[in-house]
Amino acid sequence: MPLKRASRGRKKGGKGSSDRIQCTNCGATVPRDKAKKVTSRLNLVEHTLAKELRAQGAYIAAPTVLKWYCISCAIHFGILKIRSADSRRQTGRLR
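Counted the way the UniProt record's numbering counts, the sequence shown spans residues 1 to 95.
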């Protein structure tokens, strides 16, 4: 039977089952290798104030925020794009 995607929509390869995580947006449980991981930095200080502090030599911490999205939420937020059948076969970065 033909496959819709070469990776079958997951990154696990042939390792069997993987642990499950919850979607940050909707709370759905999704296999970790199928969910989309988004990392972003959280700015705790306003930009103009941070610029002045950096000029004085201060270190400003910016913690990393880790978010996991299910496929439907990732499409809704624009993290994933809906692709044609030909482009689904191609591997590589989408963004």
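Positions of the beta carbon are idealized from the N, C-alpha and C atoms, including for glycine. Quick caveat: nothing in here was measured; it's all calculated off a predicted structure.
Subject >> At least three beta-carbon pairs within less than 8 Å, the region 74-85 to the region 44-63 >> reply: Too few Cβ pairs lie closer than 8 Å, so no.
**OP:** Within its chain, find whatever has a CB closer than 6 Å to the CB of Asp33; leave out the 5 residues flanking it on each side and keep chain order.
**Re:** On the sequence shown, position 33 is the one that residue 33 refers to. Cβ neighbours of Asp33 within its own chain (closer than 6 Å, five residues either side excluded): Arg10, Lys11, Lys12 and Ser18.
Original post:
Any idea if Val30 is buried or exposed, counting beta-carbon neighbours within 10 angstroms, 16 or more meaning buried?
Top reply: Locating residue 30 in the sequence shown gives position 30, where the first residue counts as 1. Using a 10 angstroms sphere on the CB of Val30, the tally of other CB atoms reaches 16 or more, which defines it as buried.
**OP:** Please name the residue, chosen from Arg88, Tyr69, Ile75 and Cys73, that lies closest to Ile21 on a Cα-to-Cα basis.
**Re:** As a first step, residue 21 must be located in the sequence shown, where it is residue number 21. Of all alpha-carbon atoms in Arg88, Tyr69, Ile75 and Cys73, the one lying nearest the alpha-carbon of Ile21 is that of Tyr69.
Original post:
Using the rule of at least 16 other Cβ atoms within 10 Å of the residue's Cβ for burial, across every protein chain shown, is Ala62 buried or exposed?
Top reply: Here residue 62 refers to the residue found at position 62 of the sequence shown. By the 10 Å Cβ count, Ala62 comes out exposed.
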